[in-house]
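First up is the structure itself, then whatever we jot down about it.
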Amino acid sequence: MSDTRAVTAELADWIHGLGAPGAPVMPASVAGQVRRLVLDFLAAAIAGTDTVAAVATRELVAEMYPGDAATVLGGGRASVAGAALANGTAAHALDIDDGYTPGSVHPSAPTLPAVLAAAQALGADGPTTLRAAAVAVEVTCRLAAAGHPATRDAGFHNTAIAGVFGASAGVGLLLGLDAEQTRSALGLAGSHAGGLFEFLGSGAEVKRVHAGKAARDGVISAYLARAGVTGPDTVLEGPNGYFHAFARDHWNPATVLDGLGEDWLLERTYVKIYPCCRHGHAAVDAILDLRGEHALAPDQIDEIRVDTYDVAARHGHTDVATLIDAQMSLPYAVAVALADGEIGLRQFDAAHRTNPELVDLVSRVRVTSDAELDARYPRSRPARVTVRRRGAGDAPDLVALVDQPLGEPSRPVDDVQLTAKFHRLAEPVLGADAARRVVDRVWAFDDVLGLMSALQAAPAPATDLPPTTVPAAPVARKRITTQESA
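Going by the UniProt record's numbering, the first residue of the sequence shown is number 1, and it counts up by one from there.
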């Protein structure tokens, strides 16, 4: 890194400028995309309210963060920081929340809970809240992309470590922080940044809390800055700063600063169709294509080989005793998609994870890193799936190559499909009428208090999974490449 720009100060000036009087009008396409992000975030968070991690966090919030300032999804109210913690955890609890591929980050779950809670407490209007949400997500995408893959290689989870900066930026805009205070908010967020990838393959629930923690700490950072607590104004680029500590100085300042306010990275976020790690989605698309074209069944399979990029290949574990292990397992996602022909929340329940036939099929999936496919990442998330059939004789193996999974900007989910996803996830919790009211409020986004009021729901019991599914069927399938190999 040879760029000598004052990255933190320039970023803070941009954040402050968007909230200042006379700020440029946010492009209509950006405002529309933020509405989509809010709707998708709420779908994930509402569905996630009855998971073990979300229920436990909500109970902790009731004890440690009491208050009436903001709505807690799943029931009750709390302080702004408490609501951000609870709702952020719920949003990331089912791995069905959005993401940004170049940063390997989920930008909405750690940011929008903070922005919506602060907006509710402050009585902010819709346009101001949309602007704050845009800033929060954009900052998260930029910081994550600037340090990826070095941050991941160092063992950190970008959703947690970059998300806290985005949350502090969005809440800071709502609080009306000046440029100096905004620099301090970012500086304080840097000392809150944290989140390790050691959960992978361990069965630990802590990944769910990463988003909630980032949202909470972003709130605290912004409010502390307003109260006069200062943070370093070189927190990002300094010799002991964020990118030195988390990326070993392997980062790109231009990704943070170039095109701010003109080229919005948030417009290139993806929508998740399957409730599992995004790194496995291209392989899932590929196996579903092969299943549909060749009527494949588990008993026909000798071996499934998945060649993919290196970061995805790290998710090759086959021990799926817990929900999170299954969601993080590429072999499991491929196997259950082949077995059931769809991959929704039901496919990750305990009955599926312990099914002997499915466990056996998972053991027949091999995941390897491919140098050519790795060179494409993170511009794309490719996977090549090769199926060797039992008793096929001299028949060639079946091969499908998917360069980008469904939901990426090049294979988008439209507003109708996104709204359908919301209803499938939210109606079992809110009911059909309340779900429709929330959708109407989000698309209008002219009354934040009305939106948050519509989200009130009775607490749900803790279960292994909520009783809802997200099948692949509502999204039209488009095969990228399917072929037979010699």
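Even glycine gets a Cβ: it sits at the ideal position worked out from N, Cα and C.
- Task: Give every residue of the same chain whose Cβ lies closer than 6 Å to the Cβ of Ala83, excluding the five residues on either side of it in the sequence, and list them in chain order.
- Result: Ala70, Val72 and Ala117
- Beta-carbon spacing of Ala333, Val284 below 7 Å: yes
- Between Met64 and the rest of its own chain, which residues show a CB-CB distance below 8 Å, the 5 nearest in sequence each way excluded? Gly82
- Message: Spatial neighbours of Asp415 within its chain, please: C-beta separation below 6 Å, excluding the five flanking residues on both sides.
- Response: Exclusion of the five residues before and after Asp415 leaves no residue of its chain whose Cβ lies closer than 6 Å to its Cβ.
- Task: Specify the secondary structure class of Ile161 as computed by DSSP and reduced to three states.
- Result: DSSP places Ile161 in helix when its eight states are reduced to three.
- Message: Only counting the same chain, and skipping five residues up and downstream in sequence, which positions put a Cβ closer than 6 Å to that of Leu42?
- Response: none
- Could you check what DSSP says for Tyr270 in three-state terms: helix, strand or coil? strand
- Message: Among Val385, Leu224 and Ala286, whose alpha-carbon lies nearest the alpha-carbon of His192?
- Response: Leu224
- When Leu130, Gln120 and Gly147 are compared against Gly103, the one with the closest alpha-carbon: Gly147
- Task: Going by CA-CA distance only, name the one from Ala78, Pro253 and Pro24 that's closest to Ala6.
- Result: Pro253
- Task: Determine, using beta carbons only, whether His210 and Gly195 come nearer to each other than 7 Å.
- Result: It is a contact, given that the beta carbons lie within the stated cut-off.
- Message: Out of Ala121, Asp258, Pro239 and Gly22, which one is the CA nearest neighbour of Pro250?
- Response: As written in the sequence, residue 250 is His, which differs from the Pro given in the question. It is Pro239.
- Task: Measure the CB-CB distance between residue 550 and Leu173 and report whether it falls below 7 Å.
- Result: The question about residue 550 has no answer, for the chain in this structure spans 1 to 486.
- Rounded to whole angstroms, what's the CA-CA distance from Val135 to Tyr309? Just pull it up for me. 31 Å
- Would you check if the distance between the CB atom of Ser168 and the CB atom of Gly218 is smaller than 7 Å? yes
- Look up Glu303 in the DSSP assignment and give the residues it is bridged to. Arg388
- Return the CA-CA distance between Ala215 and Ser108, expressed in angstroms with no decimal places. 10 Å
- Near Glu303, what residues of its chain come up, given a Cβ to Cβ distance below 7 Å and the 5 sequence neighbours on each side ignored? Arg364, Arg366 and Arg388
- Mind checking whether Thr49 and His106 have CB atoms under 7 Å apart? no
- When every heavy atom of the ligand HEM is checked, does at least one fall within less than 6 Å of the C-beta of Ser380? Within the structure as shown, the ligand HEM is missing, as the structure has no ligands at all.
- Query: In whole angstroms, what separates the C-alpha of Asp447 from that of Ala222?
  - Reply: Whole-angstrom Cα-Cα distance: 23 Å.
- Item | For Arg367, the first and last residue of its enclosing beta strand (DSSP E) | First, the residue type needs correcting, since residue 367 is Val and not Arg in the sequence shown. Val367 -> beta strand (DSSP E) spans Val365 to Ser369.
- Query: So, Phe199 versus Gly155, is the Cβ gap smaller than 7 Å?
  - Reply: no
- Whose C-beta lies closer than 6 Å to the C-beta of Asp68 among residues of the same chain, with five residues either side of it excluded? Same-chain partners within the cutoff: Arg77.
- Distance between Ile15 and Pro232 (C-alpha atoms, nearest Å): 17 Å
- Can you name, in chain order, every residue of its own chain whose Cβ lies under 6 Å from the Cβ of Gly123, other than the five neighbours on each side? none
- Message: Taking the straight line between their C-alpha atoms, what separation do you get for Ala432 and Leu188?
- Response: 42 Å
- Which partner residues of Thr89 appear in the DSSP bridge assignment? Beta-bridge partners of Thr89 (DSSP): none assigned.
- Query: Touch check for the stretch 274-291 and the stretch 320-340: three-plus C-beta pairs under 8 Å?
  - Reply: yes
- Query: When we look at the beta-carbon of Gly212 and count the other beta-carbons within 10 Å, is it buried (16 or more) or exposed?
  - Reply: buried
- Straight-line Cα distance separating Val362 from Pro356: 10 Å
- Any chance you could list the beta strand (DSSP E) runs of at least 3 consecutive residues sitting entirely within the stretch 37-94, in chain order? Qualifying beta strand (DSSP E) stretches: none in this window.
- Item | Whole-angstrom distance between Gln181 and Gly228, CA atom to CA atom | Straight-line Cα distance between these residues: approximately 8 Å.
- Spatial neighbours of Pro412 in its chain, beta-carbon cut-off 6 Å, leaving aside the 5 residues before and after: Contacts found: none.
- Specify the secondary structure class of Ile15 as computed by DSSP and reduced to three states. helix
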